[in-house]
Amino acid sequence: MAEIKVHDKYFVPWLSEEIIQQRVKEIATEINTDYAGKKPLFIGVLNGAFMFASDLFKNIHIEAEISFIKLASYKGTKSTGQVITAIGLDMDLTGRDIIIVEDIIDTGKTLTEFLPQIRNQQPASLKIAVLLHKPEAMVHPIHIDYCCFSIPNKFVVGYGLDYNGLGRNISSLYQVKE
Ligand code: HPA
Ligand code: MG
Numbered sequence: 017m018a019e020i021k022v023h024d025k026y027f028v029p030w031l032s033e034e035i036i037q038q039r040v041k042e043i044a045t046e047i048n049t050d051y052a053g054k055k056p057l058f059i060g061v062l063n064g065a066f067m068f069a070s071d072l073f074k075n076i077h078i079e080a081e082i083s084f085i086k087l088a089s090y091k092g093t094k095s096t097g098q099v100i101t102a103i104g105l106d107m108d109l110t111g112r113d114i115i116i117v118e119d120i121i122d123t124g125k126t127l128t129e130f131l132p133q134i135r136n137q138q139p140a141s142l143k144i145a146v147l148l149h150k151p152e153a154m155v156h157p158i159h160i161d162y163c164c165f166s167i168p169n170k171f172v173v174g175y176g177l178d179y180n181g182l183g184r185n186i187s188s189l190y191q192v193k194e
């Protein structure tokens, strides 16, 4: 497989579609088992998680719901600093079993600020499913319940992840060429 160019950078093939699909199925199987008899609500975080959330959800065979949100950060007051708000969070989460579906967790900052807003709504449970985790980049440690791949701290594109808007439509993952 050949390298690709996205904007000004070159990327090399890294995780094939087959490997990704196999791992997503494994994670779905774990969730099917862990949530048997329940009706979890998956919350996909746009834009990056759309492909992962779709493939994951197709492999969920228990009763389940899915909804999508977009996280926006804006400047708060001096004391609140950056504030994260969820756009499109229109469901009642009280008493629900929530699974947040993210494309990538690197510093952990966004989720650290956002998760308390979910907890405030008193869900029955709250777990995190993530396609990619960059442990070396983690500044705000977050417990990840379902992780497809732990990866080095290098920029990747494909499978929903972008580089300045491009590359999301590639069905495999590419890593930036050094
Ligand atoms: N690729 C795309 N988007 C990202 C990445 C990455 O490696 N890390 C955080 N957002
Ligand atoms: Mg991005």
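In the working numbering, the protein residues as written are 17 to 194.
Ideal Cβ placement from N, Cα and C applies to all residues, glycine included.
Test: residue i CB closer than 9 Å to a CB of chain D
i: Lys74; result: Note that chain D does not occur in the displayed structure, where there is just one protein chain.
Beta bridge counterpart(s) of residue i as assigned by DSSP
i: Cys163; result: Val146
i: Leu62; result: Lys86
i: Val172; result: Gln191
i: Leu57; result: Glu81 and Ile114
i: Ser141; result: Asp113
i: Leu177; result: Gly174
Limits of the beta strand (DSSP E) - the one that residue i falls within
i: Asp113; result: Asp113 to Ile121
i: Ala102; result: Gln98 to Ile103
Simplified DSSP state of residue i, which is helix, strand or coil
i: Val28; result: strand
i: Ile186; result: coil
i: Ile20; result: strand
i: Glu79; result: coil
i: Tyr107; result: The sequence shown places Met at residue 107, not Tyr. Coil, per DSSP.
i: Pro151; result: helix
Span of the alpha helix (DSSP H), counted from its first residue to its last, around residue i
i: Gln133; result: Lys125 to Arg135
i: Thr93; result: It is not in any alpha helix (DSSP H) - Thr93 carries neither H nor E in the DSSP assignment.
i: Thr49; result: Glu33 to Asp50
Spatially closest choice to residue i from the options, by CA coordinates
i: Ala102; options: Lys94, Ile116, Thr93 and Ser95; result: Ile116
i: Pro56; options: Asp113, His77 and Ser32; result: Asp113
i: Met154; options: Ala52, Asn169 and Lys143; result: Asn169
i: Phe58; options: Lys86, Leu87, Ile78 and Ile82; result: Ile82
i: Val172; options: Gly124, Glu46 and Lys193; result: Lys193
i: Gly64; options: Thr49, Asp106, His77 and Phe84; result: Phe84
i: Gly53; options: Ile78, Val40 and Glu34; result: Ile78
i: Pro132; options: Val99, His149, Ile120 and Ile121; result: Val99
i: Gln191; options: Tyr162, Pro157, Lys150 and Cys163; result: Lys150
>> Between the segment 179 to 186 and the segment 20 to 32, can you find at least three pairs of beta-carbon atoms closer than 8 Å?
In response: yes
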